[in-house]
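Accompanying notes for the structure given below.
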């Protein structure tokens, strides 16, 4: 039974969901004290004068998530080189959807929190889409959903990830250390030489990547960006053996680690919030209200609205097997921000000295649950209607 479960396409999404629920349950029981102690556990690594000391939670958010972004970088390169993002005609519709899905939620959040200098820093939280959760929900519908719809959702999410990377790089960096940043940048030519020399062993890239991660971490730029940079230099083909793809092999190997390890651990570490005494006044606080409204309303309006504009003016076309109801259902699923929104939220408020973690997580959970449930119902209804025709 266990083997059959892991063969399910939706298995990663299901595990991610249960990891988040487990964290919520623990955070609302007497076990919460142990949960907090675990996440606050100090972890240090020292090499000579170099010291990296962080609580376990930040090692997860800065370290494990760098592996996730490394996988995202591999997927981006593959899609750009020979996948869905390599064709200009097929990229326009998901690109417009992703753009609307970032702009409208950010505008809604900013409108609700305008005038609050601290709260406004979270404007990008509802702009993110959690591809693991969204795709997991879509795959629960099984073979009633066409492959083109899955590809369309993944394309939107990939472009959304590019936007998230740019946002993190531009807006969520602390004071820069020029020396550390120069060290990180000096490693890019080394990675380029390895790529041009067609070094297909991944170990040199990983070694350089660890040094780059440390330098980027110390520079003030978020360390996860190092994962994306290193991924772009992994060779997609081997000159000696054209049938072998080091990038695809590494992507395949990492997918299981990320889907069943990194993302569930991240969800467990970040989703635990106590709901004791939570009333309507908490939900209507500007931060959770802005996030929930941005994810649930902003995503569907942005993704569907921008796609509709593209179709209306002949700028793009619907992929085969997809109609406007499918498009609306996928637009709703894009409102499942969860892990990516939690990640951006941790960056947005970590230096404000104001604890808004509860507000941010409450809004993310409400917006993501509403988007996921309604998106599933819409697509389930559409697939049943098609079956009955």
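Residue numbers (the working numbering): -4 to 384. A virtual CB, placed ideally from N, CA and C, is assigned to each residue, including glycine.
| request: Can you grab the Cα-Cα spacing for the pair residue 75 / residue 191, in whole Å? | output: 18 Å
| Which residues share a DSSP beta bridge with residue 49? | 38
| query | Cβ atoms of residue 325 and residue 147: under 8 Å apart, would you say? | reply | A contact, by the Cβ cut-off of 8 Å.
| message | Please return the same chain residues whose Cβ sits closer than 6 Å to the Cβ of residue 204, not counting the five positions on each side in sequence. | response | 225
| query | By DSSP, does residue 78 sit in helix, in strand, or in coil? | reply | Here DSSP, grouped into helix, strand and coil, assigns residue 78 to coil.
| field | Exposure label - residue 198; buried when at least 16 CB within 10 Å | value | exposed
| Using DSSP with H/G/I as helix, E/B as strand and the rest coil, what is residue 227? | Correct three-state label for residue 227: coil.
| query | Under 8 Å between the Cβ atoms of residue 286 and residue 358? | reply | yes
| request: Could you tell me the boundaries of the alpha helix (DSSP H) in which residue 238 lies? | output: Residue 238 -> no alpha helix (DSSP H), and no H or E assigned at all.
| So, are the CB atoms of residue 77 and residue 153 less than 8 Å apart? | 8 Å or more divides the Cβ of residue 77 from the Cβ of residue 153.
| Less than 8 Å separating the beta-carbons of residue 227 and residue 189? | no
| DSSP state of residue 177, grouped into three classes? | helix
| query | residue 271: buried (16+ other C-beta within 10 angstroms of its C-beta) or exposed? | reply | Answer is exposed; the Cβ neighbour count stays below 16.
| said: Among the candidates 58, 378 and 20, whose CA atom is the shortest distance from the CA of residue 209? | reply: 58
| Where do the ends of the alpha helix (DSSP H) carrying residue 172 lie? | Note, residue 172: premise wrong, no alpha helix (DSSP H); not H, not E.
| request: Pick out whichever of 9, 124, 86 and 21 has its Cα sitting closest to the Cα of residue 291. | output: 124
| residue 0 to residue 145, Cα distance in whole Å? | Summary for residue 0: the model assigns pLDDT 48, below 50, so the residue's position carries little reliability; its value from the coordinates is reported in the next sentence. Computed Cα separation, rounded: 20 Å.
| Option in 10, 26, 25 and 33 with minimal Cα separation from residue 264 | 33
| CB contact flag (residue 200, residue 186, <8 Å) | yes
| request: Check each candidate in 176, 196 and 193 and name the one with the smallest Cα separation from residue 220. | output: 176
| request: Report all residues from its chain with a CB closer than 6 Å to the CB of residue 39; omit the five preceding and five following residues, and keep chain order. | output: 48
| field | Same chain, Cβ closer than 6 Å to residue 18, neighbours up to 5 away in sequence not counted | value | 263, 266 and 267
| task | Can you grab the Cα-Cα spacing for the pair residue 384 / residue 378, in whole Å? | result | Reliability fails at residue 384, whose pLDDT of 44 lies under 50, so the model's placement of it is uncertain and the value that follows must be treated cautiously. Going by the C-alpha atoms only, they are around 10 Å apart.
| said: Suppose the cutoff is 6 Å on Cβ atoms and the five residues either side in sequence are ignored; what does the same chain contact list for residue 320 look like? | reply: Counting only Cβ-Cβ distances below 6 Å, and skipping sequence neighbours, we find 377.
| message | So, with DSSP's three-state summary, where would you put residue 302? | response | Three-state DSSP puts residue 302 in a helix.
| Can you give the Cα-Cα distance for residue 174 and residue 206, rounded to whole angstroms? | Cα to Cα, the separation comes out at about 14 Å.
| With DSSP run on the structure shown, which of helix, strand or coil describes residue 95? | If DSSP states are grouped into helix, strand and coil, residue 95 belongs with the helices.
| Starting from residue 285 and walking both ways along the alpha helix (DSSP H), at which residues does that stretch end? | 281 to 288
| task | Evaluate the contact criterion for the region 83 to 90 versus the region 237 to 257: three or more CB pairs, one atom per stretch, below 8 Å. | result | Contact fails: fewer than three Cβ-Cβ distances are below 8 Å.
| request: Identify, in the order they occur along the chain, each residue of the same chain with its Cβ nearer than 7 Å to the Cβ of residue 335, setting aside the five sequence neighbours on each side. | output: 123, 124, 125 and 159
| request: Identify the continuous alpha helix (DSSP H) that holds residue 265 and give its terminal residues. | output: 258 to 265
| said: Relative to the C-alpha of residue 362, which candidate in 370, 331 and 182 has its C-alpha closest? | reply: Cα-wise, what sits closest to residue 362 is 331.
| task | Kindly list the residues whose CB is nearer than 8 Å to the CB of residue 91, restricted to its own chain and excluding five residues on each side of it in sequence; keep chain order. | result | The beta carbon of residue 91 lies closer than 8 Å to those of 301, 302, 304, 305, 310 and 311 in the same chain, with the five residues before and after it left out.
| Cβ-based burial, residue 239 [other Cβ within 10 Å; buried from 16] | exposed
| task | For my contact list, residue 329 and residue 307 are in at a C-beta cut-off of 8 Å; report their separation, rounded to the angstrom. | result | At roughly 20 Å, the Cβ-Cβ gap does not stay under 8 Å, so residue 329 and residue 307 are not in contact.
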